[in-house]
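This report concerns only the one structure given below.
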Ligand code: ATP
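The structure is reproduced here in structure tokens:
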């Protein structure tokens, strides 16, 4: 019987000198046992893959990866937007049923950052993590992660993890965004089906680990990838400085530990943003 979630869409896009062909079938041929747990679908364009999956959670019976070549209304945290260039980046969301209840998922967004960063390291792309879960290359944002969730009927939680990963951006992109960004032209030349399969495998494995062990399986790995280890940083909320101190790492719950004149403070992720103090 055919799988209703497995969309055999052939989606091609001409980006720069590279024709981007992404198909669910090709991604699937490179999935390991963890990645195979997810159904896969590929679309040429949508508003937001996260919004699409969130609206379908009641009908899902298994994990689902939804890939879009272009998003017209990509979302970031706290109502911020994720900008994309057709064919210039990977954009996908992965819906996954976790056995844990929402209050047992503290640190989950950081674990997603770890999974992506480790998969990129395995592809020889050295990246680091900005708390809570941005992926940086040379100090600039290469990828963003948006985690959304909803309780499921069994007392667990449906997670929707959205990822936008810049591959090859036009020179004008930074100026139009108004901040420094990174891309990875070498990865852009790779078969994107391979990239997506590697990331899906890594995420699926990480989700299983998190369900079993929680953030304790990721704390040391996150701290190894910490972009601002032992550097002075500021925690901002809507532009207001909430805290300032030396970022020493994350604790076993994923809270950022800041060394301040008043002692060590653990900072909860919420919707706050981190900036290195040296840039202001
Ligand atoms: P910040 O990066 O400001 O600390 P954040 O981690 O909450 O905030 P996200 O929600 O991951 O950010 O992403 C939204 C922000 O990322 C936007 O406010 C914008 O500044 C930036 N952004 C949007 N599109 C891109 C892109 N393609 N590449 C890099 N950065 C982007």
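In the working numbering, the protein residues as written are 154 to 433.
C-beta atoms are modelled at their ideal positions from N, C-alpha and C, and glycine is treated no differently.
By the 10 Å Cβ neighbour count, where 16 or more other Cβ atoms means buried, how is residue i classified, buried or exposed?
i           : result
residue 200 : exposed
residue 354 : buried
residue 426 : buried
residue 291 : exposed
residue 308 : exposed
residue 393 : exposed
residue 419 : exposed
residue 233 : exposed
residue 431 : exposed
residue 331 : exposed
residue 221 : buried
For residue i, which residues in the same chain have their Cβ closer than 8 Å to its Cβ, ignoring the five residues on either side in sequence?
i           : result
residue 274 : 280
residue 424 : 230, 231 and 390
When you compare only the Cα positions, how much space is there between residue i and residue j?
i           : j           : result
residue 195 : residue 347 : 14 Å
residue 289 : residue 304 : 31 Å
residue 160 : residue 227 : Any reading at residue 160 must be qualified, since the residue scores a pLDDT of 39, below 50, and its modelled position is unreliable; no value is offered.
residue 376 : residue 412 : 15 Å
residue 218 : residue 306 : 21 Å
residue 387 : residue 380 : 14 Å
residue 395 : residue 350 : 39 Å
residue 366 : residue 360 : 10 Å
residue 397 : residue 211 : 42 Å
residue 299 : residue 287 : 9 Å
residue 225 : residue 315 : 14 Å
residue 256 : residue 215 : 22 Å
residue 336 : residue 253 : 34 Å
residue 171 : residue 272 : Confidence in residue 171 is poor, its pLDDT being 49 and thus under 50, which makes the residue's placement too unreliable to answer from.
Can you find the residues in the same chain that come closer than 7 Å, C-beta to C-beta, to residue i, ignoring five residues on each side of it along the sequence?
i           : result
residue 189 : none
residue 334 : 293, 294, 319, 322, 326 and 327
residue 208 : none
residue 187 : 354, 357, 358 and 361
residue 237 : 223, 224, 227, 244 and 317
residue 402 : 376, 379, 382 and 410
I'd like the list of long-range same chain contacts for residue i, defined as Cβ closer than 6 Å, with 5 residues on each side in sequence excluded.
i           : result
residue 312 : 249, 251 and 302
- Task: Could you tell me whether the region 277 to 287 touches the region 315 to 328, using the rule of 3 or more Cβ pairs below 8 Å?
- Result: No, because fewer than three Cβ pairs between the region 277 to 287 and the region 315 to 328 fall closer than 8 Å, the two stretches do not touch.
- Between the region 369 to 388 and the region 251 to 269, do at least 3 Cβ pairs fall closer than 8 Å? As far as the Cβ criterion goes, the region 369 to 388 touches the region 251 to 269, which means the pair count is three or higher.
- Message: Report the start-end ranges of each beta strand (DSSP E) in the region 193 to 281 that is 3 residues or longer and not cut off at the edges.
- Response: Listed in chain order, they are 217 to 224 and 242 to 251.
- Along the chain, which unbroken stretches of the alpha helix (DSSP H) at least 4 residues long are found entirely within the region 368 to 409? Runs found: 372 to 377.
- Please confirm if the region 306 to 319 is in contact with the region 332 to 347, defined as three or more CB-CB distances below 8 Å between the two stretches. Yes, they touch.
- Are the region 202 to 216 and the region 172 to 180 in contact at 8 Å, needing three or more beta carbon pairs? No, they do not touch.
- Item | Within the region 280 to 325, ranges of the beta strand (DSSP E) (whole runs, at least 3 residues) | Listed in chain order, the complete beta strand (DSSP E) runs (minimum 3 residues) inside the region 280 to 325 are 281 to 283, 287 to 290, 293 to 304 and 310 to 319.
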